[in-house]
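2 protein chains.
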Amino acid sequence: MTKEKKQMAKATGAENELSTEEKIKAAARIVFAQKGFAATRTRDIAETAGINLALLNYYFRSKQKLFDGIMLEKLQEFFGKVGPIFTNTTTTLETKIELFVSHYIDMLIKNPDLPIFVLSEIRTHPQHFSQAIQIRGLFTQSSFIEQLKERRPEIDPLHFLMSLLGMTVFPFIAMPLLKTITSLDDDTYLAKMMDRKKLIPMWL
Amino acid sequence: MTKEKKQMAKATGAENELSTEEKIKAAARIVFAQKGFAATRTRDIAETAGINLALLNYYFRSKQKLFDGIMLEKLQEFFGKVGPIFTNTTTTLETKIELFVSHYIDMLIKNPDLPIFVLSEIRTHPQHFSQAIQIRGLFTQSSFIEQLKERRPEIDPLHFLMSLLGMTVFPFIAMPLLKTITSLDDDTYLAKMMDRKKLIPMWL
DNA sequence: ACTTGTTTTAATCATTTGATTAAATAATTT
DNA sequence: AAATTATTTAATCAAATGATTAAAACAAGT
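Chains C and A are the protein sequences, given in the same order.
Those letters in the first sequence? Residues 1 to 204, per the numbering used here, in order.
Those letters in the second sequence? Residues 205 to 408, per the numbering used here, in order.
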């Protein structure tokens, strides 16, 4: 714990070594996503990053500023996939649904904590992040909604969207609970999630 | 340990005054449900209850003990409705689904914060609450699952349950988000939730 | 009224926690 | 190499926060 990487603080040319700033960010991603803003201690992040606590404030000024950066990343992860798929005017409605479900489940398998983290933090600061999300128009004027209204005029697009998202995202939000009551191991549960990539489009 | 509250200690003039213990609990229900355990300050609860901070510790010993009591209530609210409906052997599968969706949405309209609160707290202490939930058997050996396997042998019951719960619960978890992107007011959003009581059974 | 037991308050404690400071160390420039 | 700038550390601060204590206020029984 005395001396290890004293020489090469910046690691400009090095490949496998992360910069201090990136180490902090990487640690912050993990700890924030796992515990949320309120339950996270900056000391936890510092320890996870393997750096001094003061360094965190040197690079990011405050816990809140560090969090805001991470949150922006998470929001983009959470919403990024949706836009391009839903606004694409050259694909059919069926294709959009298949693509969305498939890509989204892939992403959620890699980030199972993402939905509950994002939705929790949005709830505690509803207006603070509403601006960061420009997906408002994505609902009112996307190709997806247009196609839906034309093909199924009797269905309210909002109801359809709620069901699509619910079926896709909820199994990840309730994962700790569902794993307990079904006594499934991680791999089996994961396989079930892969199944849903085909099942959800089929049901809709 | 257990304090026997005598007859109305206070409440001299007023008629419908709550006991101090109940005032604290009522405040704790509100604040915990709104902000979660980590973000809640015991001083907030005390202020909301209109009592001295020390009283909170006098009645409940600690923040954690107060929380555990509230959490148990919330878990029962969250799961209580499901058991009786799903294990009832005298109702059809369709009736079970209709009853569940209808009663559950009614309950969620009264407690919109409940799902995200319960699921968040379960996630942060997965094993601490797993014992408090005896719904494990509810999945493996309920009338609901039996009927489902018989009627739709090709469908995995877990997938069906995930979709049912997802369609029912997710709109409440994502409410702050969905209200923003659709720019709907509270009443309209609420009306949509009522719609779903009929729509979800229809889709399944 | 006096005693007894309970409830409530004000003051305070001990830790935790986010943040800062001043000095040491390394890297870069001149 | 010397000077300058950037990075890192140890030590510490100030505020927030959960919890406790000692005493006051209150109700009920005698």
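Backbone N, C-alpha and C fix where the C-beta goes; we use that ideal spot for every residue, glycine too.
Exercise. Can you list, in chain order, the residues of the region 373-389 of chain A whose Cβ is nearer than 9 Å to any Cβ on chain C?
Worked result: Val373, Phe374, Pro375, Ile377, Ala378, Met379, Pro380, Leu381, Leu382, Lys383, Thr384, Ile385, Thr386, Ser387, Leu388
Exercise. Whose C-alpha, out of Gln331(A), Phe333(A), Leu368(A), is nearest the C-alpha of Lys349(A)?
Worked result: According to the sequence provided, residue 349(A) is Ile. The question's Lys does not apply to it. Of all alpha-carbon atoms in Gln331(A), Phe333(A), Leu368(A), the one lying nearest the alpha-carbon of Ile349(A) is that of Leu368(A).
For this session: Quick one: residues in its chain with C-beta nearer than 7 Å to the C-beta of Lys383(A), no 5 flanking neighbours on either side, listed in chain order?
Result: Tyr393
Exercise. In chain order, which alpha helix (DSSP H) runs of at least 4 residues are fully inside the region 50-117 of chain C?
Worked result: 53-60, 63-80, 82-87, 93-110
Problem set entry | Close-in-space but distant-in-sequence residues of the same chain around Met193(C) (CB under 7 Å, 5 per side omitted) | Taken in chain order, the residues that qualify are Ile105, Ile109, Pro171.
For this session: Kindly confirm or deny that the region 152-167 of chain C and the region 355-374 of chain A touch, where touching means at least three C-beta pairs closer than 8 Å.
Result: Under the 8 Å Cβ criterion, the region 152-167 of chain C counts as touching the region 355-374 of chain A, having at least three qualifying pairs.
For this session: Name the two residues that bound the continuous alpha helix (DSSP H) containing Gln345(A).
Result: Following the DSSP letters along the chain, one finds Gln345(A) in no alpha helix (DSSP H), marked with neither H nor E.
Exercise. When Cβ atoms are compared, which residues of the region 255-276 of chain A fall closer than 8 Å to chain C?
Worked result: none
Exercise. Alpha carbon to alpha carbon, how far is Ile301(A) from Gln64(C)?
Worked result: 44 Å
Exercise. CB His307(A) to CB Lys285(A), shorter than 8 Å?
Worked result: yes
Problem set entry | Ser387(A), DSSP secondary structure in three states | Residue state, collapsed to three classes: coil.
For this session: Check whether the Cβ of Thr328(A) lies closer than 8 Å to any Cβ atom in chain C.
Result: yes
For this session: Could you work out which residues of chain C lie near Asp181(A), taking near to mean beta carbons separated by less than 7 Å?
Result: Examination of residue 181(A) is not possible in this model, given that chain A is present from 205 through 408 alone.
Exercise. Which class does Gly359(A) belong to by DSSP, given the choice of helix, strand or coil?
Worked result: According to the sequence provided, residue 359(A) is Ile. The question's Gly does not apply to it. Coil at Ile359(A), not helix or strand.
Problem set entry | Coarse secondary structure for Ala26(C), derived from DSSP in three states | helix
Exercise. So which residues on chain A does Arg152(C) lean against when the C-beta distance must stay under 8 Å?
Worked result: Per Cβ cutoff of 8 Å: no residues; Arg152(C) is ~12 Å from chain A at best.
For this session: Would you mind reading off the limits of the alpha helix (DSSP H) that contains His128(C)?
Result: 126-130
For this session: Identify which residue in Leu158(C), Gln147(C), Val101(C) has its Cα closest to the Cα of Thr89(C).
Result: Looking at the Cα atoms, Gln147(C) is the closest of the given residues.
Problem set entry | Cβ-based neighbour list, Ala218(A), same chain, cut-off 6 Å, excluding 5 preceding and 5 following | Any reading at Ala218(A) must be qualified, since the residue scores a pLDDT of 38, below 50, and its modelled position is unreliable; the value itself is stated next. If we look at Ala218(A) and ignore the five residues flanking it on each side, it has no Cβ neighbours.
Exercise. Taking 8 Å as the CB-CB limit, is Ser346(A) close to chain C?
Worked result: False, the Cβ-Cβ gap to chain C never drops below 8 Å.
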